[in-house]
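Colleague: The opening position of the sequence shown corresponds to residue 1 in full-length UniProt numbering, with each subsequent residue numbered one higher.
Below you will find the structure I want to go over with you.
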Amino acid sequence: MEFTLASSASAKTALLSCHQMRLGSPKLPNVWRSSLWRSRSSRRNTSLRTVALSTTAGLRNTMEAPAANAQNVNYMWPDKKRPRICIVGGGFGGLYTALRLESLVWPDDKKPQVVLIDQSERFVFKPLLYELLSGEVEAWEIAPQFSDLLANTDVRFFKDRVKCLYPCDHLGTNAPTAGTVHLESGLLIEYDWLVLAIGAEAKLDIVPGAADYALPFYTLEDAHRVDKKLRELERKNFGKDSAIRVAVVGCGYGGVELAATISERLQEKGIVQAINVEKTILSNAPAGNREAALKVLSSRKVQLILGYFVQCITKGVEPQTSDAEPKSIDSAADHSESVTLELQPAERGLQGQTIRADIVLWTIGSKPLLPQLEPSDKPYDIPLNARGQAETDETLRVKGHPRIFAVGDSSTLRDRNGKLLPATAQVAFQQADFAGWNLWAAINDRPLLPFRYQNLGEMMTLGKYDAAVSPSFTDGLTLEGFVGHTARKIAYLIRLPTDKHRVQVGISWLLKSTVDSVATIQTMLTKAQSGS
Numbered sequence: 001m002e003f004t005l006a007s008s009a010s011a012k013t014a015l016l017s018c019h020q021m022r023l024g025s026p027k028l029p030n031v032w033r034s035s036l037w038r039s040r041s042s043r044r045n046t047s048l049r050t051v052a053l054s055t056t057a058g059l060r061n062t063m064e065a066p067a068a069n070a071q072n073v074n075y076m077w078p079d080k081k082r083p084r085i086c087i088v089g090g091g092f093g094g095l096y097t098a099l100r101l102e103s104l105v106w107p108d109d110k111k112p113q114v115v116l117i118d119q120s121e122r123f124v125f126k127p128l129l130y131e132l133l134s135g136e137v138e139a140w141e142i143a144p145q146f147s148d149l150l151a152n153t154d155v156r157f158f159k160d161r162v163k164c165l166y167p168c169d170h171l172g173t174n175a176p177t178a179g180t181v182h183l184e185s186g187l188l189i190e191y192d193w194l195v196l197a198i199g200a201e202a203k204l205d206i207v208p209g210a211a212d213y214a215l216p217f218y219t220l221e222d223a224h225r226v227d228k229k230l231r232e233l234e235r236k237n238f239g240k241d242s243a244i245r246v247a248v249v250g251c252g253y254g255g256v257e258l259a260a261t262i263s264e265r266l267q268e269k270g271i272v273q274a275i276n277v278e279k280t281i282l283s284n285a286p287a288g289n290r291e292a293a294l295k296v297l298s299s300r301k302v303q304l305i306l307g308y309f310v311q312c313i314t315k316g317v318e319p320q321t322s323d324a325e326p327k328s329i330d331s332a333a334d335h336s337e338s339v340t341l342e343l344q345p346a347e348r349g350l351q352g353q354t355i356r357a358d359i360v361l362w363t364i365g366s367k368p369l370l371p372q373l374e375p376s377d378k379p380y381d382i383p384l385n386a387r388g389q390a391e392t393d394e395t396l397r398v399k400g401h402p403r404i405f406a407v408g409d410s411s412t413l414r415d416r417n418g419k420l421l422p423a424t425a426q427v428a429f430q431q432a433d434f435a436g437w438n439l440w441a442a443i444n445d446r447p448l449l450p451f452r453y454q455n456l457g458e459m460m461t462l463g464k465y466d467a468a469v470s471p472s473f474t475d476g477l478t479l480e481g482f483v484g485h486t487a488r489k490i491a492y493l494i495r496l497p498t499d500k501h502r503v504q505v506g507i508s509w510l511l512k513s514t515v516d517s518v519a520t521i522q523t524m525l526t527k528a529q530s531g532s
C-alpha cells in the first residue's frame, strides 16, 4: 500500500520550519520545463475519521486515521521527488481542479501527487438540489461519492475536516515544504502547492431566531432536512383542509427556485409566501428569466411580500378558539409548531407585518469557511477581505503566497468592470480549469494565465419540467417551459464530473422521461375514452 504514517516528530519539525525557519522555496528541476498538454474527460460528520484512497489500479483502500485526541502524525507521500498538491474542499472548485490536473499531460514520472480533502464523502452538484424536492432526481445522481468519481485516477481522497493551515511560502525561505494542513483527525499533510476551495455555509446569524427556526437550503443535508419536514407536514395534514404554510426568505435565484418547486409540489395543499427586501424579484437576473419566474409564481398563487425584511423569527402558537366557538380548519391544533416572522418595511410608507409559517426556508446570505481555519497560536498569514475570502491576483494565486491558489467561495476576483464575481457554480467551474492549468504552468516554469470569466448565461428551475434559460450569446432570448427545462438538464448533464457518471445519469434520466411520457399518453387516452 502506498500510504504510511510517520511519527509526530517529523510533523512537528515541518511546523517549526514554517513558523521559525527563514530558508526559500525549493527550486524545481528544469527537466519539467517541456511538456504538452491535452484535455480529456475523465461535507459534514466530524466524528468519522476514515481516509479513503484511490490507487493507480482503481481499487479503493480504507484506512483508519488517528482519532481526534490522538498524537499528531504526518502523512508520508508515496514519492518524495514528485510535487505534492493538497486541495482543501471537494466542491466545484476543488474536485474539478483535481480532475483538471489529472487530465493534463505531464513530463515522464513528474506528475504531481494530489490529495483532495473534504468533510463529506459525496460531491454535491448544488444547482440540481431543487430536483430532490420535486422527485425528478435521486441522490446518487447529483451527489456521487468521491471514491467512485476518483476510482480511475491517482487522486487520493481524505474524508476529514481541516482544522487549520500553516503556510510558509510567504517567508521567502528555502524550507522543505510550502506549508502544512492540519486535519481534525490529527493528520498533518505537508504540501508544495495548496488549493483553497472550501466553499461557504449559510449565514443564519444575521436575524434573531433564524438559526433556531429557519432551515437553510445550501447542502445535501439541508435538502434532505427540508424534504423530511415537508413529508412530515404532508402526512400530518393528509385528509385535512388546512394548508401547509411555507415562508421563503429571499427572492434571488435560490428563493425563487424553492418557491416555484414547493408551490408545485404542495399545489392547493400549500400556501407559499416569498419575502424580499427589494421591490422586485431576481433584481440581477436577465429580464427574460425574471418575467418567466413572475409568470410561474403568479400561476401557482405564490404570495410575494416585496419591500420587507425579516426582523426576527419566534416560536408562535396561534390563538386557541373557545369551547363555544367552532374550531377553524386552520387552527392551532393543525399548526402547533408554527413560527412567527416579524416583517419590517425597507422603505417608509409601509406598515410592518406579522406572518406565521409551518416551515421557514432561508436563502439569503452566506459566509466563507476560510476564516475558521486560522491557527489559534498565531495571526492568519493569508490575506482576507471583509467577507472572509482570500485576496487573489488575476492568476488565482493568493497575494503574498506564490504556492497557494484559491477558487470558488474562497477567492475574491472582479470582472473587467470591477464588479465582484458571483459565488456561483459557473464561476467555480471556470476557475477550476484555470487553477489546474496554472498549477501545471507554475510547476513547469511556464507563464501563468490570467483568469477571465465568461458568462455563458443563467438558468433556473421553476418546477418539474419547467425552467428558464437565458443564454449569453443571444440578447433577449429566453427558453421557457419544457424547452428550457430540457436545455438546462442537458447543460448540467454535460457539466457532471466524469464520463462514467454522465452516462449513468443520462441513461437514468432518459428512462424516467420515457416512463413519464408513456404515463402521460395513457392518461390522455383514458380521458379521451371516458369522454367519448
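C-beta atoms are modelled at their ideal positions from N, C-alpha and C, and glycine is treated no differently.
Since residue 164 and residue 373 should fall inside the 8 Å C-beta cutoff, what is the C-beta to C-beta distance between them, to a whole number of angstroms?
Modeller: Working through the sequence shown from its first residue, we reach residue 164 at position 164. Working through the sequence shown from its first residue, we reach residue 373 at position 373. Sure, about 5 Å apart at Cβ, within 8 Å.
Colleague: Beta strand (DSSP E) containing residue 494: first to last residue?
Modeller: What you label residue 494 is simply residue 494 of the sequence shown in a count that begins at 1. No beta strand (DSSP E) holds residue 494; the alpha helix (DSSP H) holding it covers 481-495.
Colleague: Straight-line CA distance for residue 535 to residue 495?
Modeller: Summary: the structure shown does not reach residue 535, with the chain confined to residues 1 through 532, and so no result is reported for it.
Colleague: Closer than 8 Å by C-beta to residue 116: which residues in its own chain qualify, once you throw out the five before and the five after it? Chain order, please.
Modeller: Here residue 116 is taken as the residue at index 116 of the sequence shown, counted from 1. Result list for residue 116: 87, 90, 94, 95, 98, 146, 150, 155, 156, 157, 158, in chain order.
Colleague: For residue 255, which three-state DSSP category applies?
Modeller: Counting from one through the sequence shown, the residue named residue 255 turns up at place 255. Three-state DSSP puts residue 255 in a helix.
Colleague: Looking only at its chain, what residues have a beta carbon closer than 7 Å to the beta carbon of residue 425, apart from the 5 residues adjacent to it on each side?
Modeller: Taking the first residue of the sequence shown as position 1, residue 425 is located at position 425. Once the five neighbours on either side are set aside, the close Cβ partners of residue 425 are 92, 126, 127.
Colleague: Put residue 523 into one of helix, strand or coil per three-state DSSP.
Modeller: The sequence position of residue 523 within the sequence shown is 523, counting from 1. Here residue 523 sits in helix by DSSP.
Colleague: Entirely within the stretch 62-106 and at least 4 residues each: give me those alpha helix (DSSP H) ranges in chain order.
Modeller: Counting whole runs of 4 or more residues, the stretch 62-106 contains the alpha helix (DSSP H) stretches 92-103.
Colleague: Rounded to a whole number of angstroms, what is the C-alpha to C-alpha distance between residue 339 and residue 292?
Modeller: As a working mapping, residue 339 is identified with position 339 in the sequence shown. As a working mapping, residue 292 is identified with position 292 in the sequence shown. Taking the straight line from one Cα to the other gives about 31 Å.
Colleague: So is residue 284 buried or exposed if we call it buried at 16+ other beta carbons inside 10 Å?
Modeller: The residue labelled residue 284 in the question sits at position 284 within the sequence shown. With fewer than 16 Cβ atoms within 10 Å of its Cβ, residue 284 is classed as exposed.
Colleague: In chain order, what residues of the same chain have a beta carbon less than 8 Å from the beta carbon of residue 270, not counting five sequence neighbours either side?
Modeller: Here residue 270 refers to the residue found at position 270 of the sequence shown. For residue 270, where only same-chain residues beyond five positions count, the Cβ hits under 8 Å are 243, 244, 245, 246, 262, 263.
Colleague: Residue 442 and residue 449 look like a contact to me (Cβ under 8 Å); what is the Cβ gap, rounded to whole Å?
Modeller: In the sequence shown, counting from the first residue as 1, residue 442 sits at position 442. In the sequence shown, counting from the first residue as 1, residue 449 sits at position 449. The pair is not a contact, with the Cβ atoms about 11 Å apart (cut-off 8 Å).
Colleague: What are the start and end residues of the beta strand (DSSP E) that includes residue 116?
Modeller: Sequence index remark: in the sequence shown, residue 116 carries index 116 (1-based). Start and end: 113-118.
Colleague: Excluding five sequence neighbours on each side, which residues of the same chain lie with their C-beta closer than 8 Å to the C-beta of residue 227?
Modeller: The sequence position of residue 227 within the sequence shown is 227, counting from 1. Here the set comprises 132, 133.
Colleague: I want to know whether the stretch 432-441 touches the stretch 393-406 - three or more CB-CB distances under 8 Å.
Modeller: The stretch 432-441, when compared against the stretch 393-406, does touch it at the 8 Å Cβ threshold.
Colleague: Closest to residue 194 by CA distance: which of 135, 83, 105, 280 is it?
Modeller: Position 194 of the sequence shown, counted from the first residue, corresponds to residue 194. Taking only the C-alpha atoms, the option nearest residue 194 is 83.
Colleague: Please specify which runs of the alpha helix (DSSP H), each continuous and at least 4 residues long, are wholly inside the stretch 168-252, giving them in chain order.
Modeller: As far as the stretch 168-252 is concerned, its whole alpha helix (DSSP H) runs of at least 4 residues are 210-213, 220-236.
Colleague: Tell me, which residues are paired with residue 362 by DSSP?
Modeller: As a position in the sequence shown, residue 362 is number 362, starting the count at 1. Paired residue(s): 216, 249.
Colleague: Going by DSSP in three states, residue 293 sits in which element: helix, strand or coil?
Modeller: The residue you call residue 293 lines up with position 293 of the sequence shown. The answer is helix: DSSP assigns residue 293 an H, G or I state.
Colleague: Return yes when the Cβ of residue 420 is within less than 8 Å of the Cβ of residue 453, no when it is not.
Modeller: Position 453 of the sequence shown holds residue 453. Position 420 of the sequence shown holds residue 420. No. Outside cutoff.
Colleague: Terminal residues of the continuous alpha helix (DSSP H) containing residue 468?
Modeller: The sequence position of residue 468 within the sequence shown is 468, counting from 1. Note, residue 468: premise wrong, no alpha helix (DSSP H); beta strand (DSSP E) at 467-471.
Colleague: Give the straight-line distance between the Cα atoms of residue 299 and residue 462, rounded to the nearest whole angstrom.
Modeller: Taking the sequence shown and counting its residues from 1, one reaches residue 299 at position 299. Taking the sequence shown and counting its residues from 1, one reaches residue 462 at position 462. Cα to Cα, the separation comes out at about 12 Å.
Colleague: My understanding is that residue 346 touches residue 408, with C-beta atoms under 8 Å, so please give their C-beta distance in whole angstroms.
Modeller: Here residue 346 refers to the residue found at position 346 when the sequence shown is read from its first residue. Here residue 408 refers to the residue found at position 408 when the sequence shown is read from its first residue. That belief does not hold up - the Cβ atoms of residue 346 and residue 408 are roughly 30 Å apart, past 8 Å.
Colleague: If residue 363 and residue 250 are in contact, beta carbons under 8 Å, what's the gap, nearest whole angstrom?
Modeller: As a first step, residue 363 is located in the sequence shown; it is residue number 363 there, counting from the start. As a first step, residue 250 is located in the sequence shown; it is residue number 250 there, counting from the start. Indeed they touch by this definition, with Cβ atoms about 4 Å apart.
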